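There are 2 protein chains.
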Amino acid sequence: MAPNTYGSSLPPIPSTDLDPGLPHTHHASLDSDSDCPFCHISSVFPAYNPADPPAPTSSVINPDLTSPQPATFIILSTPHLVAFLDIMPLSLGHILLCPRPHRPKLTDASPAESAELGRYLRILSAAVVRATGVGDWNVVQNNGAAAAQVVPHMHFHVIPRPELRDKRSERFTATMFGRGQRDELDEEEAGELAERVRRAVAEVVRADEWEMESKL
Amino acid sequence: MAPNTYGSSLPPIPSTDLDPGLPHTHHASLDSDSDCPFCHISSVFPAYNPADPPAPTSSVINPDLTSPQPATFIILSTPHLVAFLDIMPLSLGHILLCPRPHRPKLTDASPAESAELGRYLRILSAAVVRATGVGDWNVVQNNGAAAAQVVPHMHFHVIPRPELRDKRSERFTATMFGRGQRDELDEEEAGELAERVRRAVAEVVRADEWEMESKL
Numbered sequence: 001m002a003p004n005t006y007g008s009s010l011p012p013i014p015s016t017d018l019d020p021g022l023p024h025t026h027h028a029s030l031d032s033d034s035d036c037p038f039c040h041i042s043s044v045f046p047a048y049n050p051a052d053p054p055a056p057t058s059s060v061i062n063p064d065l066t067s068p069q070p071a072t073f074i075i076l077s078t079p080h081l082v083a084f085l086d087i088m089p090l091s092l093g094h095i096l097l098c099p100r101p102h103r104p105k106l107t108d109a110s111p112a113e114s115a116e117l118g119r120y121l122r123i124l125s126a127a128v129v130r131a132t133g134v135g136d137w138n139v140v141q142n143n144g145a146a147a148a149q150v151v152p153h154m155h156f157h158v159i160p161r162p163e164l165r166d167k168r169s170e171r172f173t174a175t176m177f178g179r180g181q182r183d184e185l186d187e188e189e190a191g192e193l194a195e196r197v198r199r200a201v202a203e204v205v206r207a208d209e210w211e212m213e214s215k216l
Numbered sequence: 001m002a003p004n005t006y007g008s009s010l011p012p013i014p015s016t017d018l019d020p021g022l023p024h025t026h027h028a029s030l031d032s033d034s035d036c037p038f039c040h041i042s043s044v045f046p047a048y049n050p051a052d053p054p055a056p057t058s059s060v061i062n063p064d065l066t067s068p069q070p071a072t073f074i075i076l077s078t079p080h081l082v083a084f085l086d087i088m089p090l091s092l093g094h095i096l097l098c099p100r101p102h103r104p105k106l107t108d109a110s111p112a113e114s115a116e117l118g119r120y121l122r123i124l125s126a127a128v129v130r131a132t133g134v135g136d137w138n139v140v141q142n143n144g145a146a147a148a149q150v151v152p153h154m155h156f157h158v159i160p161r162p163e164l165r166d167k168r169s170e171r172f173t174a175t176m177f178g179r180g181q182r183d184e185l186d187e188e189e190a191g192e193l194a195e196r197v198r199r200a201v202a203e204v205v206r207a208d209e210w211e212m213e214s215k216l
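Residue numbers (full-length UniProt numbering), protein chains in the order written: chain A, 1 to 216; chain B, 1 to 216.
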């Protein structure tokens, strides 16, 4: 059985897509699922400007906002996306990025959401490299039970890979797709790491804006 | 050693990025690498309209255009991106998507390229589901040797996952990150599959355009 990091009581989301091969039209009624832990995260953290993130003590990024669910260390919160530390990381800096509305699979995202996911995957990758000092990483996104998706709200994993052949690396291969055990997040370490990554995100976003401006 | 599907003589790409945590400015001189197999693919296949792909017999998508390198079954060829069948697929419909210019890692892509990658990841995912009838799939993108990147031109894998616990699935876990053996692509099967996926891409793109138009 794949470990369900949010408890095993999570019910499967019924498919509302008659033709799973064609992205479906979006209905407001499907934009949130009361049983979905990532919808819960989306609902409690307001959007902020990623180029100017709140201070670590700000109430708008208080990790306990998701209580009684596990503490959530926010990395990014825009009108369309949220990113946060995985609560059972495969390595230090393991981050999840998802659309704010409830989208079970990547094909359920809107065209605009999928472009935004791509844009921020690069920004988050650069930020995680800066914040951890680890220059190699994997990006993984699982769709459906056969692909080892656990939380049925689509998300990209960004996972730093410090070395190729240590025990953690062996475990990575075994756990990424649903077997084996992960570490639990240390909350003090997590708070400091999240702050470093948020500041790195701001640096990358501001550098992009500056590069765009210099081209005008 | 990770299997190098394009021969073991591929030299490592020297890093041109002084600060790997910040995306670097793009120079035309870095946009192509003469030793890179994916740059070779980019250079021989012209862009076409994904909503109206060429006939399977068209010379512009002739798999042998990459000769003497392995035959390449094109799925998508836009001004900014190319996608094609993996020559050693982990499952039927295993596709690679990459920027047309040479970008070693995701952080080397431009902001616009990364958004375009996100947009087409969703379109290709929907198309592969339609073309294969397999509704579950993984999206994987590896950056650097420690993350099991083999070809140093960044690419997303889109990998259908027909079942959770067959032999292929066990092998998947072992091979995705660099160990074990993959099948070689059957060229006749590949030609038919690529045609099905190109047509499914066209259907998804036209459905998106229609949905956008109906909202005007």
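Note that beta-carbon positions come from the ideal geometry of N, C-alpha and C, so glycine has one too.
Keep in mind it's a predicted model, so treat the numbers as computed, not measured.
Query raised in the report: Mind checking if G118(A) is an interface residue toward chain B, Cβ cutoff 8 angstroms exclusive?
Result: Within the first sequence, residue 118(A) is the residue found at index 118, counting from 1. The beta carbon of G118(A) sits closer than 8 angstroms to some beta carbon of chain B.
Requested in this report: Closer than 7 angstroms by C-beta to Q149(A): which residues in its own chain qualify, once you throw out the five before and the five after it? Chain order, please.
Outcome: Here residue 149(A) corresponds to residue number 149 of the first sequence, with the count starting at 1. These residues qualify, in order along the chain: N142 and N143.
Query raised in the report: How would you write the range of the alpha helix (DSSP H) that S214(B) sits in, first residue to last?
Result: Position 214 of the second sequence, counted from the first residue, corresponds to residue 214(B). S214(B) -> alpha helix (DSSP H) spans E187 to S214.
Query - Members of the region 144 to 164 of chain A that neighbour chain B once the beta carbon cut-off is set at 9 angstroms - result: G144, A145, A146, A147, A148, Q149, F156, I159, P160, R161, P162, E163 and L164
Query - Proximity winner among G133(A), S125(A) and F156(A), relative to residue 242(A) (alpha-carbon distances) - result: The requested residue 242(A) is not part of the displayed model; chain A covers only 1 to 216.
Report task. Under 8 angstroms between beta-carbons, which chain A residues line up against T107(B)? List them in chain order, please. Result -> As a working mapping, residue 107(B) is identified with position 107 in the second sequence. Within chain A, the residues near T107(B) are R122, S125, A126 and V129.
Requested in this report: Excluding the 5 residues preceding and the 5 following A126(A) in the sequence, name in chain order all residues of the same chain whose CB lies nearer than 7 angstroms to its CB.
Outcome: As a first step, residue 126(A) is located in the first sequence; it is residue number 126 there, counting from the start. Once the five neighbours on either side are set aside, the close Cβ partners of A126(A) are V204.
Requested in this report: Say whether chain A places a C-beta atom closer than 8 angstroms to the C-beta of P111(B).
Outcome: Numbered from its first residue, the second sequence carries residue 111(B) at position 111. Cβ-Cβ to chain A under 8 angstroms: yes for P111(B).
Query raised in the report: Is L76(A) closer than 8 angstroms to Y120(A) when the C-beta atoms are compared?
Result: As a position in the first sequence, residue 120(A) is number 120, starting the count at 1. As a position in the first sequence, residue 76(A) is number 76, starting the count at 1. Contact: yes.
Report task. Give the interface partners of A115(B) over in chain A, defined as CB-CB distance under 8 angstroms, in chain order. Result -> One-based indexing of the second sequence puts residue 115(B) at position 115. Here the neighbours are A115, E116, G118 and R119.
**Report entry** Beta-carbon proximity check, V60(A) vs P46(A), cutoff 8 angstroms
**Finding:** Residue numbering aside, residue 60(A) sits at position 60 when the first sequence is read from its first letter. Residue numbering aside, residue 46(A) sits at position 46 when the first sequence is read from its first letter. Yes, these two residues count as a Cβ contact at 8 angstroms.
Query raised in the report: If we ignore side chains and look at the alpha-carbon of each, how far apart do E187(B) and P56(B) end up?
Result: Translated into the one-based positions of the second sequence, residue 187(B) becomes position 187. Translated into the one-based positions of the second sequence, residue 56(B) becomes position 56. Roughly 14 angstroms separates the two Cα atoms.
Query raised in the report: Shortest alpha-carbon distance to Y48(B) belongs to which of A202(B), L106(B) and A207(B)?
Result: Locating residue 48(B) in the second sequence gives position 48, counting from the first residue. Checking every option, the nearest Cα to that of Y48(B) belongs to A202(B).
Query - Spatial neighbours of S114(A) in its chain, beta-carbon cut-off 8 angstroms, leaving aside the 5 residues before and after - result: Numbered from 1 along the first sequence, position 114 holds the residue referred to as residue 114(A). Excluding positions up to five away in sequence, the list reads L106.
Query raised in the report: Contact check, M154(B) vs P89(B) under 8 angstroms by CB: the rounded distance?
Result: Position 154 of the second sequence, counting from 1, holds the residue named residue 154(B). Position 89 of the second sequence, counting from 1, holds the residue named residue 89(B). Contact doesn't hold; Cβ gap of about 19 angstroms is too wide.
Requested in this report: Can you grab the Cα-Cα spacing for the pair V44(B) / E189(A), in whole Å?
Outcome: Residue 44(B) sits at position 44 when you count from the first residue of the second sequence. Residue 189(A) sits at position 189 when you count from the first residue of the first sequence. Approximately 49 angstroms, taken between the alpha carbons.
Query - CA-to-CA distance, P68(A) to S67(B), given in whole angstroms - result: Numbered from its first residue, the second sequence carries residue 67(B) at position 67. Numbered from its first residue, the first sequence carries residue 68(A) at position 68. For S67(B) and P68(A), the distance between alpha carbons rounds to 59 angstroms.
Query - 6 angstroms CB neighbourhood of D86(B) in its chain, flanking five on each side removed - result: Position 86 of the second sequence, counted from the first residue, corresponds to residue 86(B). So the qualifying residues of the chain are H94 and L96.
Query raised in the report: Of all the CB atoms in chain A, is at least one closer than 8 angstroms to the CB of D136(B)?
Result: Working through the second sequence from its first residue, we reach residue 136(B) at position 136. Closer than 8 angstroms to some Cβ of chain A, the Cβ of D136(B) qualifies, so yes.
Query raised in the report: By how many angstroms is the C-alpha of P152(A) removed from the C-alpha of W210(B)?
Result: In the second sequence, the residue the question calls residue 210(B) occupies position 210. In the first sequence, the residue the question calls residue 152(A) occupies position 152. Those two C-alpha atoms are separated by around 28 angstroms.
**Report entry** Residues that V201(B) contacts on chain A, provided the C-beta gap is smaller than 9 angstroms
**Finding:** As a working note, residue 201(B) is residue 201 in the second sequence. Those within 9 angstroms of V201(B) in chain A number zero; the least Cβ separation is about 11 angstroms.
Requested in this report: Alpha carbon to alpha carbon, how far is R161(A) from N138(A)? Give it in angstroms, no decimals.
Outcome: To locate residue 138(A), count along the first sequence from 1; it is residue 138. To locate residue 161(A), count along the first sequence from 1; it is residue 161. Cα atoms of N138(A) and R161(A): separation of roughly 7 angstroms, rounded to the nearest angstrom.
Requested in this report: Using the Cα positions of H80(A) and V134(B), report the straight-line distance between them to the nearest angstrom.
Outcome: Here residue 80(A) refers to the residue found at position 80 of the first sequence. Here residue 134(B) refers to the residue found at position 134 of the second sequence. When rounded, the distance between both Cα atoms is 28 angstroms.
Report task. Between the Cα of I123(B) and those of M212(B), S32(B), R206(B) and E195(B), spot the shortest distance and give me the residue it belongs to. Result -> For the purposes of this step, residue 123(B) is taken as the residue at position 123 of the second sequence. Nearest option by C-alpha distance: R206(B).
Requested in this report: Closer than 6 angstroms by C-beta to P63(B): which residues in its own chain qualify, once you throw out the five before and the five after it? Chain order, please.
Outcome: Indexing the second sequence from 1 puts residue 63(B) at position 63. Once the five neighbours on either side are set aside, the close Cβ partners of P63(B) are A71, T72 and F73.
Query raised in the report: To which residues does DSSP link A109(A) through a beta bridge?
Result: The residue labelled residue 109(A) in the question sits at position 109 within the first sequence. DSSP output for A109(A) lists no bridge partner at all.
Query raised in the report: Got a sec? Which residues, its chain only, sit under 7 angstroms from A28(A) by beta carbon, not counting five neighbours each side?
Result: The residue labelled residue 28(A) in the question sits at position 28 within the first sequence. For A28(A), the pLDDT reaches just 46, beneath the cut-off of 50, and the residue's location in the model is therefore unreliable, although a value from the coordinates is still provided. For A28(A), where only same-chain residues beyond five positions count, there are no Cβ hits under 7 angstroms.
Requested in this report: Go through its chain and collect everything with a Cβ distance to A112(A)'s Cβ below 8 angstroms, but skip five positions before and after it.
Outcome: What you label residue 112(A) is simply residue 112 of the first sequence in a count that begins at 1. Hits under 8 angstroms: H80.
Query - Straight-line gap, D183(A) to S34(B) (C-alpha atoms, nearest Å) - result: For the purposes of this step, residue 183(A) is identified with residue 183 of the first sequence, where counting begins at 1. For the purposes of this step, residue 34(B) is identified with residue 34 of the second sequence, where counting begins at 1. Straight across, the Cα-Cα distance linking D183(A) with S34(B) is about 43 angstroms.
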